[in-house]
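With numbering that gives the first Met the number 0 as the guide, the letters of the sequence shown map in order to residues 0 to 151.
Think of the CB as a built atom: it goes at the ideal place given N, C-alpha and C, for glycine as much as any other residue.
Taking it in order: structure first as structure tokens, then the write-up.
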Amino acid sequence: MSDYFQGIPLQSVFLTKKAVESSSNDDQVSRKLAETIVDAASDRKAGDIVLLHVASVSYLADYFVMMTGYSRVQVRAIADAIEEKVKTELQRNPLRTAGKTEGSWVLHDYGDIIVHVMMPKEREFYNLEAFWGHAERIEYPKPDEGGGNEYD
């Protein structure tokens, strides 16, 4: 038996059922993290929260979460609330955080989830929703709609 499949080393080809199951479990873990982030942002009154499933269109992450804070203080408070809730509930810290000092755009990189907390001017200018418009938008219950933690 050859160590290559169509010119590709076999160790580079995921053909096992275990690899597929692992991928499914990873997506469930990523989804739970994304939902926790949305809940924390909502608790801090973040505006216009958007959750995008980008795994099928990007290798950067599984999900992007974007939201608006209406002052630099609120942007930092939302970012802090997300960090605290994720650390408390899921025992995870961001791999990287950028922009907290300036407070106009804070980015948390959790590896599988990338979080953008932006002031309205930055959000309008960069328009990440349009850039990632081909990604699947995940709907979730808004605080005033009730519904608990039931994400579609």
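With fewer than 16 other beta carbons inside 10 angstroms of its own, R136 counts as exposed. Annotation: the region 74 to 118 contains the following complete segments of the beta strand (DSSP E) (minimum length 3 residues), in chain order: 95 to 97, 104 to 108 and 112 to 117. In chain order, T35 and R91 place their CB closer than 6 Å to the CB of V85, counting only its own chain and leaving out the 5 sequence neighbours on each side. For K31 and D38, the gap between their C-alpha atoms comes out near 11 Å. With distances taken between CA atoms, V116 lies nearest to A45 out of A45, H133, Y58 and S29. Counting the other CB atoms within 10 Å of its CB gives P119 a total below 16, which places it among the exposed residues.
Where E135 is concerned, the enclosing beta strand (DSSP E) starts and stops at E135 to I137.
Going by C-alpha positions, V53 is about 21 Å away from F124. Between the alpha carbons of H133 and V56 lies a distance of about 8 Å.
Contact between M66 and E128 is absent: CB atoms are separated by about 11 Å, not below the 8 Å threshold.
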